[in-house]
Amino acid sequence: MARFVVAGPSEYLAITGWGIDDVKLAKKAWVFAGQKCSRFDISPVNYEFNVEAMSSEKLAFNLPAVFTIGPKITPAPAPEVDGASNQRRVLMPESEEALLLYAKLIAPHDHASNHVKQLVKGVIEGETRVLAASMTMEEIFQGTKKFKQEVFDQVQLDLNKFGLYIYNANVKQLVDEPGHEYFSYLGKKTQQEAANKAKVDVAEERMKGEVGAKEREGLTRQNAAKVDAETKVVSVRQQGIGLREEAKVKAEVQVYENEREAEIAAAQAGLAMKKAGWEKQSKVAQVEAVKAVAIREAELQMESNAALYNRQKAADATLYEQVKSAEARKAQADAMFFEQKLAEDARLYAKQKEAEALAMVGKAKVEYVTSMLQALGGDYGALRDYLMIDGGMYQEMARVNASAVSGMQPKISIWSGADGAAGEAGAGAMQQVAGVYKMLPPLLSTVHEQTGMQPPAWMGSLPKDGAN
Numbered sequence: 001m002a003r004f005v006v007a008g009p010s011e012y013l014a015i016t017g018w019g020i021d022d023v024k025l026a027k028k029a030w031v032f033a034g035q036k037c038s039r040f041d042i043s044p045v046n047y048e049f050n051v052e053a054m055s056s057e058k059l060a061f062n063l064p065a066v067f068t069i070g071p072k073i074t075p076a077p078a079p080e081v082d083g084a085s086n087q088r089r090v091l092m093p094e095s096e097e098a099l100l101l102y103a104k105l106i107a108p109h110d111h112a113s114n115h116v117k118q119l120v121k122g123v124i125e126g127e128t129r130v131l132a133a134s135m136t137m138e139e140i141f142q143g144t145k146k147f148k149q150e151v152f153d154q155v156q157l158d159l160n161k162f163g164l165y166i167y168n169a170n171v172k173q174l175v176d177e178p179g180h181e182y183f184s185y186l187g188k189k190t191q192q193e194a195a196n197k198a199k200v201d202v203a204e205e206r207m208k209g210e211v212g213a214k215e216r217e218g219l220t221r222q223n224a225a226k227v228d229a230e231t232k233v234v235s236v237r238q239q240g241i242g243l244r245e246e247a248k249v250k251a252e253v254q255v256y257e258n259e260r261e262a263e264i265a266a267a268q269a270g271l272a273m274k275k276a277g278w279e280k281q282s283k284v285a286q287v288e289a290v291k292a293v294a295i296r297e298a299e300l301q302m303e304s305n306a307a308l309y310n311r312q313k314a315a316d317a318t319l320y321e322q323v324k325s326a327e328a329r330k331a332q333a334d335a336m337f338f339e340q341k342l343a344e345d346a347r348l349y350a351k352q353k354e355a356e357a358l359a360m361v362g363k364a365k366v367e368y369v370t371s372m373l374q375a376l377g378g379d380y381g382a383l384r385d386y387l388m389i390d391g392g393m394y395q396e397m398a399r400v401n402a403s404a405v406s407g408m409q410p411k412i413s414i415w416s417g418a419d420g421a422a423g424e425a426g427a428g429a430m431q432q433v434a435g436v437y438k439m440l441p442p443l444l445s446t447v448h449e450q451t452g453m454q455p456p457a458w459m460g461s462l463p464k465d466g467a468n
């Protein structure tokens, strides 16, 4: 059965068994049946010792030391892959070999156990004693740094056999064995020699200081007298040189002043000539400027007149166009007004004719009604009935009643008109009208019975119950 094993940050896995010839090291791996996986720590450990050694003069001493030792781990440089470092780091070949030795020889034991400590202590003590036996105490004492480095190098050679590496070695000061005071006497001797040497140096320096002070004082006086004499000579010499230089300078100043005056006169003459030329040029320039100004003013005046003329022409053209446009609009407005006036006159005339026609129709109707009323002997009721009959009112009432009772089964009553006298040849028109009028009450009663509608007041009222 397989299982996946992962080592800690400061651990490695040592896998042996099926499919592996020797030992396989890994940080994480699948462990299958027939394989054994051991986990070992690779963090360094401090080992503190007090090594007892003896020099070539048979003088014993103690060498306190603290060594930080662990398996050597040196990761290989990470190659660049597509601009980014590869996350999988492998070990250098020498580190992998040392780690294999450590896994085989040291890892089965706890790296802080007494077994490993005794192994390391034995290597360190052995190499220290061998090296100390080949050196005198004086060489060891005065070459302590060199002695420590040789101990470190020799111990590292032996620890390489176990896959161990010295990360740090702190060798303390050499100490005497109990009952032996060589280092203390040697220190006292060194201190006394240093003190005596210091006293001699102080005395020599004091003597040098006093002699030097006297020499300084004598030299100071000699130098002062020499400086005074040289100062007087130099002073007289400098006075003569000063007078000579003064006369020379005065002559040079006079020559310079004469030359300067001549240069000034020449400069003034040249300046006067230049001023005359400048004045002439200035006057010419003024005349030319005045002339140019006059010419320019004339040109500007011509340009202004031309521009004014052009603007006047443009204004006249614009005014002419506006006048013509106004006249055209006025003519158009007059034409429209004339057309509207003709149309209004035509409508007014039509209205007048229509009113006159209506007046004539009304007058004809008045005359017609008056003649009918006279023909009926002044009977307004008969005239009303005639107008209703002539206007088709009864036919309309019959049509409305017929439509109201459509689909019903009404009672049908038949009346004879005017006691049978309607067919007589000698009956007049008014008798027929009177017969129709007599037929209205039974008709209205029938309509009332079937529909419940009352006749209008102007037409008459229904007969009371029991009346004919």
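In this text, residue positions in the sequence shown follow UniProt numbering: the first is 1, and each later residue adds one.
Each residue gets a CB set at the ideal place from its N, CA and C atoms; glycine is no exception.
Counting other Cβ atoms within 10 Å of its Cβ, Tyr12 reaches 16 or more and is therefore classed as buried. Per DSSP, the continuous alpha helix (DSSP H) segment holding Asn401 begins and ends at Met393 to Ala404.
With a cutoff of 8 Å on beta-carbon distance, Val171 and Lys148 are scored as near each other.
Counting along the chain, Lys36 sits inside the beta strand (DSSP E) bounded by residues Gln35 to Asp41.
Taking C-beta atoms under 8 Å as the contact rule, Leu159 and Glu96 fail to qualify, at a distance of about 17 Å.
Collapsing the DSSP output to three states places Met273 in a helix. Under the three-state reduction of DSSP output, Thr136 falls in the coil class, being neither helix nor strand. Within the DSSP bridge table, the entry for Pro455 names no partner.
Judged by DSSP in its simplified three-state form, Gly126 adopts helix. Per DSSP, the continuous beta strand (DSSP E) segment holding Val6 begins and ends at Arg3 to Val6.
Annotation for Ile389: no beta strand (DSSP E) segment contains it, though the alpha helix (DSSP H) segment containing it runs Tyr380 to Asp390. 8 Å or more divides the Cβ of Pro71 from the Cβ of Leu157. With 16 or more neighbouring CB atoms inside 10 Å of its own CB, Ile166 falls in the buried class. For Phe337, the number of other beta carbons within 10 angstroms of its own is below 16, and it is reported as exposed. Residue nearest to Leu131 within the set Ala195, Val155 and Ala402 is Val155 (criterion: CA-CA distance). About 47 Å separates the Cβ atoms of Val31 and Ala53, ruling out a contact at the 8 Å cut-off. In the three-state reduction of the DSSP assignment, Leu376 falls in the coil class.
When DSSP states are grouped into helix, strand and coil, Lys24 belongs to the strand group.
Exclusion of the five residues before and after Val6 leaves Lys28 as the residues of its chain whose Cβ lies within less than 6 Å of its Cβ. Annotation: Thr74 is outside any beta strand (DSSP E) and is labelled neither H nor E by DSSP. In terms of Cβ geometry, Tyr47 and Val151 do not form a close pair [threshold 8 Å].
In the three-state reduction of the DSSP assignment, Ile15 falls in the strand class. In the DSSP annotation of this structure, the continuous segment of the beta strand (DSSP E) that includes Phe49 starts and ends at Val45 to Met54. Taking all protein chains shown into account, Ala65 has 16 or more neighbouring C-beta atoms within 10 Å of its C-beta and is therefore buried.
In the three-state DSSP reduction, Phe32 falls in the coil class, being neither helix nor strand.
Measuring C-alpha to C-alpha distances from Ser56 to each of Met397, Gly8 and Ser134 identifies Ser134 as the nearest. DSSP, reduced to helix, strand and coil, places Leu443 within a helical segment of the structure shown. Under the DSSP assignment, Leu164 falls in the beta strand (DSSP E) whose first and last residues are Leu164 to Val171. Residue state for Leu300 is assigned as helix, using DSSP reduced to three classes. In the structure shown, the three-state DSSP call for Leu59 is coil. Of Phe141, Thr136 and Val123, the smallest CA-CA separation from Asp153 is found for Val123.
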